[in-house]
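Enquirer: Quick one: the structure is below, questions incoming.
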Amino acid sequence: MPTRSPTSSPPQPPHRAHQADTKSSCADRPGSRRHPGPGHLGRYGRAGTGPPHTAREEPQWVERHVVLFSAVPDLLNEHLEDLVTLPYLQHRGAPIDAIRLYLDPVVLDEHDAALLDSEIATPALMRCRKSRADEGSTVEVVTTLVRPTAELFLALPVPAV
């Protein structure tokens, strides 16, 4: 999935500070509203305003980004609505050595249910991507909360016999 997310007037400010951690699970991941702290950028967006986020009229996912400012201090000079973070970090020389991807089952809280036009407490899938530096610090965390009715699949080539 692309890491883009156009914004549209979420009930909270579009930019919040968050604190990154190095926990191995995304259950208490930076980027959730439970982890405020200085030095990091959290970005809230609502999918559904155009490609590539919609297959239908309703929003398909909500992305939240947390980026270590010391890795890319000029980040706020960029047009964040169009920014694709991983290529940007690589282009700027951010020290990314490893990327981990987590998939967690979650239930929608009131805020996210409203963003996804879904019912509160509906089961959903949370994808979390953590980009880490070679010394183990977290450079970026992206969480993607997928709409409960979204169709998810991975297309694989059929092996030759």
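For the sequence shown, position 148 matches number 148 in the UniProt record's numbering, and the numbering has no gaps at all.
Glycine included, every Cβ here is placed at the ideal spot set by N, Cα and C.
The structure presented is a predicted model; accordingly, all values stated were derived computationally and were not measured.
Below 9 Å between beta carbons: does that hold for ARG147 and LEU116?
Expert: yes
Enquirer: Quick one: Cα of ARG100 to Cα of LEU80, how far?
Expert: 23 Å
Enquirer: Kindly list the residues whose CB is nearer than 7 Å to the CB of ARG92, restricted to its own chain and excluding five residues on each side of it in sequence; keep chain order.
Expert: VAL72
Enquirer: Taking LEU152 as the reference, give the member of ILE96, PRO95, ASP74, ALA124 with the closest Cα.
Expert: ALA124
Enquirer: Which full runs of the alpha helix (DSSP H) of 4+ residues lie inside the UniProt domain "UbiC transcription regulator-associated" (53-148), going along the chain?
Expert: 85-91, 110-115
Enquirer: Given that a residue counts as buried once 16 or more other Cβ atoms are within 10 Å of its Cβ, and exposed if not, what is ALA98?
Expert: exposed
Enquirer: With distances taken between CB atoms, is the gap from VAL158 to LEU89 smaller than 9 Å?
Expert: no
Enquirer: Apply the 10 Å Cβ neighbour rule to PRO59 and answer buried if 16 or more other Cβ atoms are within range, or exposed otherwise.
Expert: Counting every other CB atom within 10 Å of its CB across the protein chains shown gives PRO59 a total of 16 or more, marking it as buried.
Enquirer: As a quick exercise: from THR122, ALA94, ARG129, pick the residue whose alpha carbon is nearest that of GLU135.
Expert: ALA94
Enquirer: Find the nearest neighbour of VAL67 within the set ALA113, VAL84, ALA160, judged by alpha-carbon distance.
Expert: VAL84
Enquirer: Would you call the CB atoms of ALA133 and ILE96 closer than 9 Å?
Expert: Their beta carbons are under 9 Å apart, which means ALA133 touches ILE96 by this criterion.
Enquirer: Anyone know if the C-beta pair for VAL106 and MET126 falls short of 9 Å?
Expert: yes
Enquirer: Give a yes or no on whether the C-beta atoms belonging to SER118 and THR144 are separated by under 9 Å.
Expert: With contacts defined by Cβ atoms closer than 9 Å, SER118 and THR144 do not form a contacting pair.
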